[in-house]
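Down below is the structure, laid out as structure tokens.
Numbering (our numbering), first residue to last: 75 to 179.
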């Protein structure tokens, strides 16, 4: 094989690889591995769930980030309740109600 043919084949291969990588979709996370090797699906938030003192979970974490709290521990405690009172003048809310309140401001 001549040198020109080798260069051409390598070039075609690199172009094909570049096109593949350009159009390749990044897979979305579908599950997480636990310490025991088991897999769990990612948590989905319920935006209609009423959040109040004692609530725990993904929804509380989203609310805490929205309230710009220093701690995002997914546990609705005294600090989250106090911050919610300061912002909305209520002690419980859903994520949908919080979003409606913020967009009205």
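Where is the CB? At the ideal position from N, CA and C, for every residue including glycine.
- Contact between residue 134 and residue 149 holds, with the beta-carbon distance rounding to 6 Å and staying under 8 Å.
- Across the structure, residue 154 and residue 132 are spaced so that their CA atoms are roughly 14 Å apart.
- Rounded to the nearest whole angstrom, the CA to CA distance from residue 122 to residue 168 is 5 Å.
- If you check the CB distance, residue 127 and residue 165 come in under 8 Å.
- Look at the region 136-171 and you find these whole runs of alpha helix (DSSP H), each 4 residues long or longer: 152-162.
- Between the C-alpha atoms of residue 160 and residue 91 there is a straight-line separation of about 55 Å.
- Taking all protein chains shown into account, residue 95 has fewer than 16 neighbouring C-beta atoms within 10 Å of its C-beta and is therefore exposed.
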